[in-house]
Amino acid sequence: MWDTVDGMPVWQGGKTDWAAAAQAAENCGAFRADCEEECVADDDVSCYNCRFRRWTRDSFVCMKERCL
Ligand code: SF4
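In the working numbering, the protein residues as written are 133 to 200.
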């Protein structure tokens with residue numbers, strides 16, 4: 133599910149792996165919902181809707197280790 137690039141976890145599923153991103157967030161104790169206008173997934177709990185994800189060109193990086 134994740135690659136490590138420069139020590140940071142990069143999501144392998146790109147920007148449209150909806151089911152896996154929801155499952156990853158359900159299994160993550162650090163999910164925090166982003167503001168409504170930044171949420172892109174229908175699943176309320178999804179890495180795609182998490183305030184700790186930072187979009188890249190092809191996917192996103194999880195910043196929780198730097199933010200918590
Ligand atoms: S983006 Fe990171 S902190 Fe947020 S739910 Fe996914 S794995 Fe957890």
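We put the CB at the ideal spot given by N, CA and C, even for glycine.
Exposed unless 16 or more other CB atoms sit within 10 angstroms - verdict on residue i
{"i": "Trp78", "result": "With the chain represented from 133 up to 200, any question about residue 78 goes unanswered, as that position is not in the structure."}
{"i": "Arg189", "result": "exposed"}
{"i": "Arg185", "result": "buried"}
Residue range of the alpha helix (DSSP H) that includes residue i
{"i": "Arg82", "result": "What is shown of the chain runs 133 to 200, which leaves residue 82 out entirely."}
{"i": "Glu197", "result": "Lys196 to Cys199"}
{"i": "Glu158", "result": "Trp150 to Glu158"}
Distance cut-off 7 Å: residue i Cβ against heavy atoms of the ligand SF4
{"i": "Lys196", "result": "yes"}
{"i": "Cys182", "result": "yes"}
Rounded distance between the beta-carbons of residue j and residue i, thought under 8 Å
{"i": "Asn181", "j": "Val193", "result": "Incorrect: roughly 15 Å between the Cβ atoms, too far for contact."}
Residue i - containing beta strand (DSSP E), residue span
{"i": "Met140", "result": "Met140 to Trp143"}
{"i": "Asp135", "result": "Trp134 to Val137"}
Short CB-CB distance (under 8 Å) between residue i and chain D
{"i": "Cys171", "result": "Reference to chain D is not applicable here, since this structure consists of a single protein chain."}
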